[in-house]
Each structure stands twice: as C-alpha cells, then as structure tokens.
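S.K.:
Residue numbers (this note's numbering): 1037 to 1321.
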C-alpha cells in the first residue's frame, strides 16, 4: 500500500481541520497516512511516529504543513532517503515552502499523475572536532553558523579552504551556507543569492571587524574549516537555526558538501524567481 507521511508545525490550531481533509483525500487515493507527533496531537490520535522513525519506513511522499523551519527539520530527518517532500506554506515568509495551502491538492494530483517536478537540493555536512576527536556531526539544508552569544564582543576566527589559509579575523561569527541557505541568514548578512542548481557553498563572515573581509563563493567539493581562536564569552555552532552546541577555544568545524540531499516536490520548475519576486518584492516600485 502507498504511504504518505505527514509532518506538521506545532501551535497551529487550524491544522486540525486541514489534516482531516488531507487524510480523507489520501484515503480516497489509496494512501495510508503516517503522522508525526505534532500531527497526531491535532487529531488526538495515538498512532504518532517520531520523524526519524518515519524516515526509516521510507514512505512514498512526505507532506510538510508549516513554514520553512518545519521543512528544515523534516529535511534533516529524511536526508538519507529518496522520499520527495511536498512543503505547504503555513508560515509567514516561506522561501522554501513555496506551495500555498490552496494548491496542495492540485500539486498532489500532479504528483499522482507523474507531472510534478522533483528538485534535488544539496546539503552541507559539518563536523565538530575537539582535542583531535570528532565529537558531533550534522547535515544541514540551509547553513552552519558559528556565532557569538549574548555578550556584545566579537570572536576571533581562522578560515581555511581546502587546507589553504584564508585569514584570521574578528567578527560576530561565520556562516557556511548551501545554495538553498543563501536566501536565509546569508542574505540578511549581505551575502549573494546562489541558484539551487549551482554546485557551490558560500562562506560569509558576520559583521567582520575588517570591512575588506567579504563573502566567498567556493566550489561544492571544497572543505571549509573554521577555527575558534578567540572566545569573548560564549560561542555557538548552530545548524539550520535549530540545533546548537556551545563551542570552546581551539574547536575546529569542518564543512563540506554532504553525501545526503533533499528532494523537494514542486508544482513547476524555476520557482526560485517567483519566490524572490513575491517575497522580496523584486520589480516593484
């Protein structure tokens, strides 16, 4: 039997009705539905499955109801599968969740008829090395960020690309972003927008003390290393803005293209420019 996993944003009361209609549609089209804990909570259902366990079941499709944050969490859970993700925007900005709620069933019909586009997005793999040992690993769809805590003092960082020394500088932090993540924190930090099809990463210092330090676009196969050489008070490594760990003086963060990727189900190709026109008001006066 065909299976569809549903992942929902918490604290969205309107999702109770939306989920009821979606489940009815799935049943009518021969799909068994699988609910993550947040989805099950809206329906008072007892058959919730943790997101990591949902990925192990390899459903035919994942339907994400929420904003970009919900999609990022789902993407990390399903990164090592080939399951396509249909992301439906219930948030405010929605750079990634470009399918509107009104278009959900038309998009699903296209999927069933093999007319929908599958867009493969690269991820960045990060490893935290402390005292010569790798202590944690992550895969991120958007970005890996090293940044200071609440104290208004800069950190000191050294950047290497493919083992070549780039610079040591003071800054609020450093962003390593995928093309997908180039429209997230990187964009707010005056970094470039990179089309998702480009095999690249961007390394972007956050508010560097030297104004001549600029964002660098590197090939996708490069290894970017960030060394923490000065800690003002607290320094954190954050993955997709959702997972974080406090860093110590002497820590090394190595970033490179992940072996995992995310497959996004799109109703039409070339949706990036439509999103940029809509969200950033390109072309408007």
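Just so you know, even glycine gets a beta-carbon here, dropped at the ideal spot from N, CA and C.
#1: Under a three-way DSSP split, which group does residue 1134 fall into?
#2: Do you know how far the Cα of residue 1168 is from the Cα of residue 1209?
#3: So, at 8 Å on beta carbons, what are the nonlocal neighbours of residue 1207 in its own chain, with the 5 sequence-adjacent residues on each side left out?
#4: Going by DSSP in three states, residue 1217 sits in which element: helix, strand or coil?
#5: If I follow the unbroken beta strand (DSSP E) through residue 1241, where does it start and stop?
#6: Determine, for residue 1150, whether the minimum Cβ-Cβ distance to residues of chain D falls below 8 Å.
#7: Between the C-alpha atoms of residue 1165 and residue 1173, what's the straight-line distance to the nearest angstrom?
#8: Mind checking which residues open and close the alpha helix (DSSP H) that includes residue 1146?
#9: Would a C-beta distance cut-off of 8 Å place residue 1214 and residue 1269 closer than the cut-off?
#10: Using the C-alpha atoms, what's the distance from residue 1100 back to residue 1229?
#11: At which residues does the alpha helix (DSSP H) containing residue 1302 begin and terminate?
#12: Since residue 1238 and residue 1226 are thought to touch, with beta carbons under 8 Å apart, how far apart are those beta carbons, to the nearest angstrom?
#13: Suppose the cutoff is 8 Å on Cβ atoms and the five residues either side in sequence are ignored; what does the same chain contact list for residue 1095 look like?
#14: I'd like the span of the beta strand (DSSP E) that includes residue 1087, first residue to last.
#15: Three-state secondary structure (DSSP) at residue 1249?
#16: Are the beta-carbon atoms belonging to residue 1087 and residue 1072 less than 8 Å from one another?
#17: Pick out whichever of 1281, 1113, 1102, 1109 has its Cα sitting closest to the Cα of residue 1140.
#18: If we call anything under 8 Å between Cβ atoms a contact, is residue 1097 one with residue 1061?
#19: I'd like the ranges of any beta strand (DSSP E) spanning at least 3 consecutive residues and lying wholly in the region 1148–1234.
M.R.: For this structure:
#1: On the chain shown, residue 1134 is found 98 positions in, with the first residue counted as 1. Three-state result, residue 1134: coil.
#2: Working through the chain shown from its first residue, we reach residue 1209 at position 173. Working through the chain shown from its first residue, we reach residue 1168 at position 132. So the alpha carbons of these two residues sit roughly 22 Å apart.
#3: Here residue 1207 is taken as the residue at index 171 of the chain shown, counted from 1. So the qualifying residues of the chain are 1190, 1191, 1193, 1241, 1242, 1243, 1244, 1245, 1249.
#4: The count along the chain shown starts at 1 and reaches residue 1217 at position 181. In the structure shown, residue 1217 sits in a helix (DSSP, three-state: H, G or I).
#5: Locating residue 1241 in the chain shown gives position 205, counting from the first residue. Unbroken beta strand (DSSP E) run through residue 1241: 1236–1242.
#6: In the displayed structure, chain D is absent; only one protein chain is listed.
#7: Along the chain shown, read from residue 1 onward, the residue named residue 1165 stands at position 129. Along the chain shown, read from residue 1 onward, the residue named residue 1173 stands at position 137. About 9 Å.
#8: Position 110 of the chain shown, counting from 1, holds the residue named residue 1146. Residue 1146 -> alpha helix (DSSP H) spans 1140–1148.
#9: Numbered from its first residue, the chain shown carries residue 1214 at position 178. Numbered from its first residue, the chain shown carries residue 1269 at position 233. In this structure, residue 1269 does not lie closer than 8 Å to residue 1214 by Cβ.
#10: Residue 1229 sits at position 193 when you count from the first residue of the chain shown. Residue 1100 sits at position 64 when you count from the first residue of the chain shown. Going by the C-alpha atoms only, they are around 25 Å apart.
#11: As a position in the chain shown, residue 1302 is number 266, starting the count at 1. Here residue 1302 belongs to no alpha helix (DSSP H); instead the beta strand (DSSP E) covers 1288–1302.
#12: For the purposes of this step, residue 1238 is taken as the residue at position 202 of the chain shown. For the purposes of this step, residue 1226 is taken as the residue at position 190 of the chain shown. Between residue 1226 and residue 1238 the Cβ distance is about 11 Å, and since that is not below 8 Å, they are no contact.
#13: Residue 1095 sits at position 59 when you count from the first residue of the chain shown. Hits under 8 Å: 1039, 1040, 1041, 1070, 1119.
#14: In the chain shown, the residue the question calls residue 1087 occupies position 51. That residue, residue 1087, is in no beta strand (DSSP E); its alpha helix (DSSP H) goes 1087–1092.
#15: In the chain shown, the residue the question calls residue 1249 occupies position 213. Looking at residue 1249 - three-state DSSP - the assignment turns out to be coil, as it is neither helix nor strand.
#16: Counting from 1 along the chain shown, the entry for residue 1087 is found at position 51. Counting from 1 along the chain shown, the entry for residue 1072 is found at position 36. For residue 1087 and residue 1072, yes; Cβs fall inside 8 Å.
#17: Within the chain shown, the letter at position 104 stands for residue 1140. The candidate whose alpha carbon is nearest that of residue 1140 is 1102.
#18: To locate residue 1097, count along the chain shown from 1; it is residue 61. To locate residue 1061, count along the chain shown from 1; it is residue 25. No, these two residues do not count as a Cβ contact at 8 Å.
#19: 1153–1166, 1169–1176, 1179–1184, 1191–1197, 1200–1207, 1209–1213
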